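Peer 1:
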Amino acid sequence: MSSRVLLFMISVWLLYFSGQFFHVLLRAWAAMNSKLNGIESYEQFFKTHAVPILVRLFLGVLGMLLWFSVPELFSQPIKALASLAHIDVGARPLPLNPATAGVFGYFLDSLLDKLALMVPALRREIPPVNGQPDAGGGEPSPVDTGPRPPREPKAPPTV
Numbered sequence: 075m076s077s078r079v080l081l082f083m084i085s086v087w088l089l090y091f092s093g094q095f096f097h098v099l100l101r102a103w104a105a106m107n108s109k110l111n112g113i114e115s116y117e118q119f120f121k122t123h124a125v126p127i128l129v130r131l132f133l134g135v136l137g138m139l140l141w142f143s144v145p146e147l148f149s150q151p152i153k154a155l156a157s158l159a160h161i162d163v164g165a166r167p168l169p170l171n172p173a174t175a176g177v178f179g180y181f182l183d184s185l186l187d188k189l190a191l192m193v194p195a196l197r198r199e200i201p202p203v204n205g206q207p208d209a210g211g212g213e214p215s216p217v218d219t220g221p222r223p224p225r226e227p228k229a230p231p232t233v
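Start counting the sequence shown at 75; every next residue gets the next number (this note's numbering).
As structure tokens, this is what we get:
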């Protein structure tokens with residue numbers, strides 16, 4: 075692999091993960107400034123929401139790998155949306171480059187929420203980051219993402 079290709083691949087993944095990070099950071103900031111929950115610090119947000127964030131990160135990496143393998147998969151929905159706005163995006167597939175990877179990383183959470191709305195079976199599989207009921211208005215996610223009271227220490231086992 076040439077150094078130019080390697081640099082390109084590193085920049086694609088770096089901007090993808092940067093997009094993910096900044097979107098989660100924005101969610102943490104919004105949670106800290108909300109009066110509706112008990113989140114008081116970034117550390118508390120990340121401790122409380124670690125599992126949903128990691129699940130969504132994993133699903134995003136799978137999406138990126140799909141985009142590498144089948145670029146047309148992402149092009150068709152983009153073309154359909156562009157045609158609604160009377161924008162001609164041409165016949166070429168949506169390119170995977172550092173800029174599009176960063177945008178994909180940033181908007182991934184919103185895309186996952188929309189996907190869960192379109193495929194009801196996914197509502198329980200894609201945990202919400204904010205601990206709210208699923209976007210379809212149904213039951214809350216089985217993943218409890220809200221703040222928890224401190225646990226009482228367990229007594230040591232008696233032998």
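Here a beta-carbon is modelled for each residue, glycine too, at the ideal position from N, C-alpha and C.
Only a predicted model underlies this, so the values are computations on that prediction, with no experimental measurement involved.
(1) Can you tell me the Cα-Cα spacing of residue 162 and residue 113, whole angstroms?
(2) Does the beta-carbon of residue 200 have 16 or more other beta-carbons within 10 angstroms, so that it is buried, or is it exposed?
(3) Quick check on the burial criterion: 16 or more other C-beta atoms within 10 angstroms. Buried or exposed for residue 126?
(4) Report the CB separation of residue 91 from residue 179 in whole angstroms; it is logged as a contact under 8 Å.
(5) Note the first and the last residue of the continuous alpha helix (DSSP H) segment covering residue 127.
(6) Below 8 Å on the Cβ atoms is my guess for residue 94 versus residue 182; work out the distance and round it to an integer in Å.
(7) Where are the beta strand (DSSP E) runs, 3 residues long or more, that stay fully inside the segment 92–128, in chain order?
Peer 2: On the basis of the coordinates in this document:
(1) Each residue's Cα considered, the two are about 44 Å apart.
(2) Counting of Cβ neighbours within 10 angstroms places residue 200 among the buried residues, the total reaching 16 or more.
(3) Label assigned to residue 126: buried.
(4) Between residue 179 and residue 91 the Cβ distance is about 6 Å, and since that is below 8 Å, they are a contact.
(5) Secondary structure note for residue 127: its alpha helix (DSSP H) is the uninterrupted segment 124–143.
(6) For residue 94 against residue 182, the beta-carbon gap comes to about 6 Å, under 8 Å, which counts as contact.
(7) For the segment 92–128, there is no continuous beta strand (DSSP E) assignment of 3+ residues that stays within its boundaries.
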